[in-house]
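The structure appears below as structure tokens.
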Amino acid sequence: MFNVILSDYDRNSLNILSRNFRWKEFGFNVEAMFTRGLKALEYMTFNKVDLVVTEIDMPEAWSAWFSSVINSLLRKYKNNVFY
12 MFNVILSDYD RNSLNILSRN FRWKEFGFNV EAMFTRGLKA LEYMTFNKVD
62 LVVTEIDMPE AWSAWFSSVI NSLLRKYKNN VFY
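Quick look at the structure:
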């Protein structure tokens, strides 16, 4: 199983995404969901994450900066990074 985190400032979007996509069927396990980008980054610092699904324009997580930090954290685990 691959570890997934979901990050979106809208809790309803998170709930819809987590419930309506058949994560386990495709080998993914949703480990955590975040409404704050910095909390998602904090989680990634201490936990192995294989996939991040995020709203790219979240408050407090500016697009270019946020994606570069995610890139660095995913590479820490030698994962491929796709945009």
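Counting in this note's numbering, the sequence shown runs from 12 upward without gaps.
Idealized CB from N, CA, C, for every residue including glycine.
- For N31, the enclosing alpha helix (DSSP H) starts and ends at 22 to 31.
- Linking R86 to V60 through their CA atoms gives a straight-line distance of about 10 Å.
- Checking the DSSP bridge columns, you'll see M12 has no partner listed.
- Contact between I27 and V63 fails: their C-beta atoms lie close to 17 Å from each other, not under 8 Å.
- G48 is positioned such that its CB atom lies no closer than 8 Å to that of S29.
- Between N31 and N14, the beta carbon gap of about 19 Å keeps them out of contact (Cβ cut-off 8 Å).
- Across the structure, L84 and K50 are spaced so that their CA atoms are roughly 14 Å apart.
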